[in-house]
Amino acid sequence: MSGELSFFELGVANTEQGRKFYSALFGWEFESGPGGSGYSITTPNVPGGIHGGDEGAGPYVFFRVPDLDAAVEHVLALGGTIDAVDLGEDPESAAKFGRFKLCHDDQGSAFGLHEPPSGS
Numbered sequence: 001m002s003g004e005l006s007f008f009e010l011g012v013a014n015t016e017q018g019r020k021f022y023s024a025l026f027g028w029e030f031e032s033g034p035g036g037s038g039y040s041i042t043t044p045n046v047p048g049g050i051h052g053g054d055e056g057a058g059p060y061v062f063f064r065v066p067d068l069d070a071a072v073e074h075v076l077a078l079g080g081t082i083d084a085v086d087l088g089e090d091p092e093s094a095a096k097f098g099r100f101k102l103c104h105d106d107q108g109s110a111f112g113l114h115e116p117p118s119g120s
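At position 91 of the sequence shown the residue is numbered 91 (UniProt numbering), and the sequence of numbers has no breaks.
Here is the structure:
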């Protein structure tokens, strides 16, 4: 369903420290992420990820869309912006995790779009 919460990403300074903290707190399971940087997170409901080098960051929330390219164009048409950040668009990562874009609405509030992998 378009617009449902689809994925979350935690930005932390140190991924190992973050993995240990959230694993102990919630019992989440972690698997090495694309390229060996960060981890994917298995939770009881919404899948997630954790990446390092982002000290003091808040959680990033991503909303499901069926067509990322069309959704990006719609954000721009509504006066929003798209961040020029590489979120792992390589074919292997996209096949496993889907495609992502960081965005800002027309007032500057951050959010993300997520097109899940085919068959999800």
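Beta carbons: idealized from backbone N, C-alpha and C, even for Gly. Fair warning: this is a prediction, and the values are worked out from it, not measured in the lab.
DSSP state of residue i, grouped into three classes?
{"i": "A57", "result": "coil"}
{"i": "T43", "result": "coil"}
{"i": "E73", "result": "helix"}
{"i": "G18", "result": "helix"}
{"i": "L68", "result": "helix"}
{"i": "G4", "result": "The residue asked about is misnamed: residue 4 is Glu in this sequence, not Gly. E4 falls in the coil class under three-state DSSP."}
{"i": "E29", "result": "strand"}
{"i": "E92", "result": "helix"}
Once the 5 residues before and after residue i are set aside, which same chain residues still bring their CB inside 7 Å of it?
{"i": "V75", "result": "I82 and C103"}
{"i": "G80", "result": "C103, H104, D105 and D106"}
{"i": "G33", "result": "Y39, S40 and G49"}
{"i": "G27", "result": "none"}
Bridge partners of residue i, per DSSP?
{"i": "A110", "result": "H104"}
{"i": "E9", "result": "G49 and Y60"}
With 16 as the cutoff for other CB atoms within 10 Å, does residue i come out buried or exposed?
{"i": "E55", "result": "exposed"}
{"i": "A71", "result": "buried"}
{"i": "E89", "result": "exposed"}
{"i": "S6", "result": "buried"}
{"i": "L87", "result": "buried"}
{"i": "G119", "result": "exposed"}
{"i": "K101", "result": "buried"}
{"i": "G18", "result": "buried"}
{"i": "V12", "result": "buried"}
{"i": "L25", "result": "exposed"}
{"i": "L113", "result": "buried"}
For residue i, which residues of its own chain have a beta-carbon under 8 Å away from its beta-carbon, when the five flanking residues on both sides are left out?
{"i": "N14", "result": "G52"}
{"i": "E4", "result": "F63 and R64"}
{"i": "E29", "result": "S23, I41 and T42"}
Identify, in the order they occur along the chain, each residue of the same chain with its Cβ nearer than 6 Å to the Cβ of residue i, setting aside the five sequence neighbours on each side.
{"i": "P59", "result": "F8 and L10"}
{"i": "E115", "result": "V65, L68, G98 and R99"}
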